[in-house]
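Put into structure tokens, the structure is as follows:
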């Protein structure tokens, strides 16, 4: 029996090691290695987002169900969603709203009332926010939107949350599935006025993401 165990154990270890190796290897063909300083990104390619996704509340909850490449390899993902000619992501028409049977965006004008919480992954020069606490996969964003901006390191994963201070008129509707993500969360388009301007004009105020964890933490920061 001892001999049998001695023979089986190395096979088990070999099998486990091979399994672990298959899970950890990443096919980086078709990506661009950014070199030194890019180690924090998948395949050292900043377009593919951070290697390590948030684990603690509240952001860990928002990315828990996120399948980054929608079943594709990194290179296949870039082939599908990145325009080499324009050097940018390929975004959907109609401002990213889900389309009806006539290929028109499903949306309508609405007013966000004071006290409403909205958020976004991305810089404050943008013009879209989502219902706060919506899963990242429902937002149908590219993985680079999770990159922490070096100029604003106090906002990890470039996540920003806001409280509406004054009634804010926006165009709202469901998000079109894109970037291999299911989408169908709710987005609000602020038109010609970006988030920075809305902050300056007093329509929005920044909030600490911890506001989303009220009553959820166990006292250990998770």
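Residue numbers (mature numbering (1 follows the signal peptide of the UniProt record, and there is no 0)): -18 to -1, 1 to 204.
Backbone N, C-alpha and C define an ideal beta-carbon position, used for all residues, glycine too.
This one's a predicted model, so the numbers in the text were calculated from it and none came from an experiment.
So, with DSSP's three-state summary, where would you put residue i?
{"i": "residue 168", "result": "strand"}
{"i": "residue 35", "result": "coil"}
{"i": "residue 212", "result": "The requested residue 212 is not part of the displayed model; the chain covers only -18 to 204."}
{"i": "residue 156", "result": "strand"}
{"i": "residue 72", "result": "coil"}
{"i": "residue 145", "result": "strand"}
{"i": "residue 54", "result": "coil"}
{"i": "residue 150", "result": "strand"}
How long is the line joining the alpha carbons of residue i and residue j, rounded to whole angstroms?
{"i": "residue 142", "j": "residue 35", "result": "16 Å"}
{"i": "residue 167", "j": "residue 160", "result": "12 Å"}
{"i": "residue 15", "j": "residue 25", "result": "6 Å"}
{"i": "residue 53", "j": "residue 60", "result": "13 Å"}
{"i": "residue 38", "j": "residue 17", "result": "29 Å"}
{"i": "residue 86", "j": "residue 194", "result": "34 Å"}
Can you name the start and end residues of the beta strand (DSSP E) that residue i belongs to?
{"i": "residue 182", "result": "Here residue 182 belongs to no beta strand (DSSP E); instead the alpha helix (DSSP H) covers 177 to 182."}
{"i": "residue 101", "result": "99 to 103"}
{"i": "residue 187", "result": "186 to 189"}
{"i": "residue 94", "result": "90 to 94"}
Along the alpha helix (DSSP H) that carries residue i, what are the first and last residues, could you check?
{"i": "residue 107", "result": "Careful: residue 107 lies outside any alpha helix (DSSP H) and carries neither H nor E."}
{"i": "residue 41", "result": "41 to 44"}
Note down, in chain order, each residue of its chain lying with its Cβ closer than 8 Å to the Cβ of residue i, except the 5 sequence neighbours on either side.
{"i": "residue 173", "result": "109, 152, 153"}
{"i": "residue -18", "result": "The pLDDT assigned to residue -18 is 38, lower than 50, so where the model puts this residue is not dependable, and the model offers no usable value."}
Short of 6 Å in beta carbon distance, which residues of its chain neighbour residue i, apart from the five on each side in sequence? Order them along the chain.
{"i": "residue 106", "result": "177, 178"}
{"i": "residue 48", "result": "118, 119"}
Beta-carbon within less than 7 Å of residue i's beta-carbon, same chain only, minus the 5 sequence neighbours each way: which residues are those?
{"i": "residue 124", "result": "63, 71, 161"}
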